[in-house]
Amino acid sequence: MFSPLPDPLEGYNRSVELFNQNLVEHLVFPVSQAYNFVLPEPAREGIHNAGVNLFYPLRLVNCLLQCKFEAAWQESQRFAVNSTVGLLGLRDQASRWGMPLHREDFGQSLAYYNCPAGFYFNLPFLGPSNLRDCAGMLLAIPCSLQYWLLSEPLAMSCDALIMGNESAAAAYTLDNYFKTQYDSYLLSRAMYNAQRKALASDYQIAPDCESNPDQSLGYLLLRPQDPEFASRGYERRLRLPGAKSRLPYSCWPSPGSAKTLIILPGLGGHRLSAGVLALAELLQAQGYSVLALSSSLNPDYFRHLPEAAPPGFFWADRRQQALALAACVEDMQRHFKLPEQVCTVLGYSLGAINALYLSDLEFEEGLPGGLQVRRYLAINPPVDTPLALSKIDDFFAIPQSWPTEQRQQRSEDLMLKLVTALKDFNGQNRLPLSLEESQFLIALNMRLNLAETIAAAQKQNNQGFLRHDPAVFQKNALWLELMNLSFDDYMRLSVMPYYCEKLECEPDWLLEKSKLSALEGSLRRNDKLRLLQNRNDFLIDSEQLSWYSRVFGRRALLLPEGGHLGNMYHPDYQALIVKMLEEDDGGGQ
0 MFSPLPDPLE GYNRSVELFN QNLVEHLVFP VSQAYNFVLP EPAREGIHNA
50 GVNLFYPLRL VNCLLQCKFE AAWQESQRFA VNSTVGLLGL RDQASRWGMP
100 LHREDFGQSL AYYNCPAGFY FNLPFLGPSN LRDCAGMLLA IPCSLQYWLL
150 SEPLAMSCDA LIMGNESAAA AYTLDNYFKT QYDSYLLSRA MYNAQRKALA
200 SDYQIAPDCE SNPDQSLGYL LLRPQDPEFA SRGYERRLRL PGAKSRLPYS
250 CWPSPGSAKT LIILPGLGGH RLSAGVLALA ELLQAQGYSV LALSSSLNPD
300 YFRHLPEAAP PGFFWADRRQ QALALAACVE DMQRHFKLPE QVCTVLGYSL
350 GAINALYLSD LEFEEGLPGG LQVRRYLAIN PPVDTPLALS KIDDFFAIPQ
400 SWPTEQRQQR SEDLMLKLVT ALKDFNGQNR LPLSLEESQF LIALNMRLNL
450 AETIAAAQKQ NNQGFLRHDP AVFQKNALWL ELMNLSFDDY MRLSVMPYYC
500 EKLECEPDWL LEKSKLSALE GSLRRNDKLR LLQNRNDFLI DSEQLSWYSR
550 VFGRRALLLP EGGHLGNMYH PDYQALIVKM LEEDDGGGQ
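The structure is reproduced here in structure tokens:
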């Protein structure tokens, strides 16, 4: 699934990935900010539309080569309309009149005639490709109107303007993508291969395709309303005492506000992920200064802590996390000249586990660093973390239950279906996935996060259980090994050996301390706590739902559905979040 093409040039390809990442971060994104500021959006849209119109010959030729004669006629109609009514292509009038655009190229035409894709090939400035698509790019050079109608200097200037405009449009998305990935190479390669295969095969989702996905996939709809909200915030870094590098955090200060909202994301979640940004946007609008750290299992966070411990033992992780939060709040307050802050902590999924362990530490001993917290809101925390993670491993093994002769084909079809469906997914339509397909994809995402956690943690402090060196530059073999390590393997091979030696304890004690039942005494009595949970969350069972009710009482709100975080995008649910954060204390047992 992740390597449908050979990758014999991995060293070169990874070097190009690193080059492109630095190019985006240090040149393309900063320049695009200035470009977008100077040139208004209608002008940028006009340049984009004109560029699409100028490449009409490319689409026409390839529609004809693939015997798509109706598409060729529609492209000709589009060109005629946009070149006249659309003012030389500056306005896309054809789309307003319902004329579809057919994005055909020579790479797809070569695939139509069964030309093999060759191997994966990363291009400087342009990004992922393969040998077939590289050949297609060369063939496309003369297939534009400017090539034939303008002098060479003017044609090159026109191409530069179009390419620069497209780069500026994509810069924010690319910059955020690179920032939120520990190793972007694997995902870039996999998604490119899936997208190109879907285009080359004209993949269409079957009308009778089963559509019964787990409600948890609704989390994909949790996105900020302002697509550039992240750029309206700030990234700051500070060095914790004893740490070797500076810890990054993101913040959106509200001038004059005395209340700070701290967001702790779920497993492997990044501080600039779409879910974090959506919550930050929602709560800044309520007058909070918002501060976000990456998940305690994300390398963006744990690589910058004083102690190079394998993350995931929340009972121990909480002390360093409390110190980090206190330092970040103090830094934000000082730098932005905010009044003294009263903090609220919102954690979801495994971030909710972090929040509850912090609340236990504050209740029993007080938080180190002088952090003052008024309210903790935990959204969908698993009660038994080891058991919940074992369910993820079970979901990840779902393809093993498929017939051997069908497994590879079904896996590839699933990826094609996913990349095709996500283009139009807006919540009004259901993803065309079966329940087990959606469960596997959820587990796949979490296992990818786990693989990043293990790779970064072992590079920092190699415990010797990996066959491949985690510090090596060419990581394909390492990633294959990492993807075969389960959450149980990680606990057994990394977390338990480290803490059993450090704390001189038994593995059973560590497992018990990893369950919320170990905190039951403080959770019952702490009036600062609020809980939001969905009854059909796949990470909990009926007995654990009863435990929530017994322990949290009126401080818990159990909703009938939504899966795991799947209703967080809904306005009514977000109104509940705001209400539970701001209601008066009380309601404890």
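Every letter in the sequence shown is one number past the one before it in numbering that gives the first Met the number 0, and letter 338, counting from 1, is 337. For every residue, glycine included, the Cβ atom is placed at its ideal position computed from N, Cα and C. Quick caveat: nothing in here was measured; it's all calculated off a predicted structure.
Query raised in the report: Counting contacts by CB-CB distance shorter than 8 Å, is residue 43 in contact with chain B?
Result: Given the protein chain composition of this structure (a single chain), no chain B is represented.
Query raised in the report: In whole angstroms, what is the alpha-carbon distance linking residue 367 and residue 323?
Result: 10 Å
Query raised in the report: So is residue 595 buried or exposed if we call it buried at 16+ other beta carbons inside 10 Å?
Result: Given that the chain is displayed from residue 0 to residue 588, the structure contains no residue 595 and the question cannot be resolved.
Report task. List the whole-angstrom C-beta distance separating residue 327 from residue 292, where the pair is believed to meet the contact cut-off of C-beta under 8 Å. Result -> 7 Å
Query raised in the report: Counting along the chain, where does the alpha helix (DSSP H) carrying residue 194 start and finish?
Result: 183 to 199
Query raised in the report: Among 285, 263, 173, 325, which has the Cα closest to the Cα of residue 240?
Result: 325
Query raised in the report: Do the region 412 to 429 and the region 207 to 222 touch if we need at least three Cβ pairs shorter than 8 Å?
Result: yes
Report task. Kindly indicate the opening and closing residues of the alpha helix (DSSP H) around residue 81. Result -> First-last of the alpha helix (DSSP H) with residue 81: 68 to 83.
Query raised in the report: When you compare only the Cα positions, how much space is there between residue 43 and residue 164?
Result: 7 Å
Report task. For residue 342, name the three-state secondary structure that DSSP assigns. Result -> If DSSP states are grouped into helix, strand and coil, residue 342 belongs with the strands.
Query raised in the report: Who pairs with residue 383 in a beta bridge, going by DSSP?
Result: 514
Query raised in the report: Three-state secondary structure (DSSP) at residue 568?
Result: coil
Report task. Look at residue 242 and residue 144 and say whether their C-beta atoms are less than 8 Å apart. Result -> no
**Report entry** Reference residue 109, options 133, 27, 432, closest by Cα
**Finding:** With distances taken between Cα atoms, residue 109 lies closest to 133.
Query raised in the report: Who are the Cβ neighbours of residue 375 in its own chain at under 6 Å, not counting the five residues just before and after it?
Result: 344, 354, 358, 527, 528
Query raised in the report: If you follow the beta strand (DSSP E) that residue 51 is part of, which residue opens it and which one closes it?
Result: Per DSSP, residue 51 belongs to no beta strand (DSSP E); it is in the alpha helix (DSSP H), 40 to 53.
Query raised in the report: Got a sec, what are the start and stop residues for the alpha helix (DSSP H) residue 13 sits in?
Result: Unbroken alpha helix (DSSP H) run through residue 13: 9 to 22.
**Report entry** Opening and closing residue of the beta strand (DSSP E) in which residue 248 lies
**Finding:** 246 to 251
Query raised in the report: What's the gap between the Cα of residue 419 and the Cα of residue 250?
Result: 34 Å
Requested in this report: Quick one: residues in its chain with C-beta nearer than 6 Å to the C-beta of residue 446, no 5 flanking neighbours on either side, listed in chain order?
Outcome: 395
Query raised in the report: residue 28 lies in the alpha helix (DSSP H); which residues open and close that run?
Result: First-last of the alpha helix (DSSP H) with residue 28: 28 to 37.
Query raised in the report: What's the gap between the Cα of residue 451 and the Cα of residue 554?
Result: Here the alpha carbon of residue 451 sits roughly 35 Å from the alpha carbon of residue 554.
**Report entry** Spatial distance of residue 542 from residue 382 (CA atoms)
**Finding:** 10 Å
Query raised in the report: residue 13 and residue 191: beta carbons closer than 8 Å?
Result: Annotated as distal: residue 13 and residue 191, with beta-carbon spacing of 8 Å or more.
Query raised in the report: Considering residue 378, what are the terminal residues of the beta strand (DSSP E) in which it resides?
Result: Boundaries of the beta strand (DSSP E) harbouring residue 378: 372 to 378, taken from the DSSP string.
Report task. Output the distance between the C-alpha atoms of residue 572 and residue 377, rounded to the nearest integer angstrom. Result -> 14 Å
Report task. In the DSSP assignment, find the unbroken beta strand (DSSP E) run with residue 258 in it and report its ends. Result -> 258 to 263 is the extent of the beta strand (DSSP E) around residue 258.
Query raised in the report: Exposed or buried, residue 208, counting other C-beta atoms within 10 Å across all chains shown (16 or more means buried)?
Result: exposed
Query raised in the report: Just the Cα atoms here: how many angstroms apart are residue 461 and residue 483?
Result: 18 Å
Query raised in the report: Could you give the residue range of the beta strand (DSSP E) that holds residue 223?
Result: Going by DSSP, residue 223 is part of no beta strand (DSSP E) at all; its letter is neither H nor E.
Query raised in the report: Tell me the DSSP bridge mates of residue 532?
Result: 557
**Report entry** Nonlocal neighbours in the same chain, by C-beta distance under 7 Å from residue 151, ignoring five residues either side
**Finding:** Cβ within range, chain order: n/a, list empty.
Query - When 516, 518, 201, 434 are compared against residue 67, the one with the closest alpha-carbon - result: Looking from the CA of residue 67, the closest CA among 516, 518, 201, 434 belongs to 201.
Requested in this report: List the endpoints of the continuous alpha helix (DSSP H) containing residue 236.
Outcome: Where residue 236 is concerned, there is no enclosing alpha helix (DSSP H), although the beta strand (DSSP E) it sits in stretches over 233 to 237.
Requested in this report: Confirm, please, whether the CB-CB distance from residue 222 to residue 273 is below 8 Å.
Outcome: yes
Report task. Express the C-alpha separation of residue 549 and residue 175 in angstroms, rounding to a whole number. Result -> 42 Å
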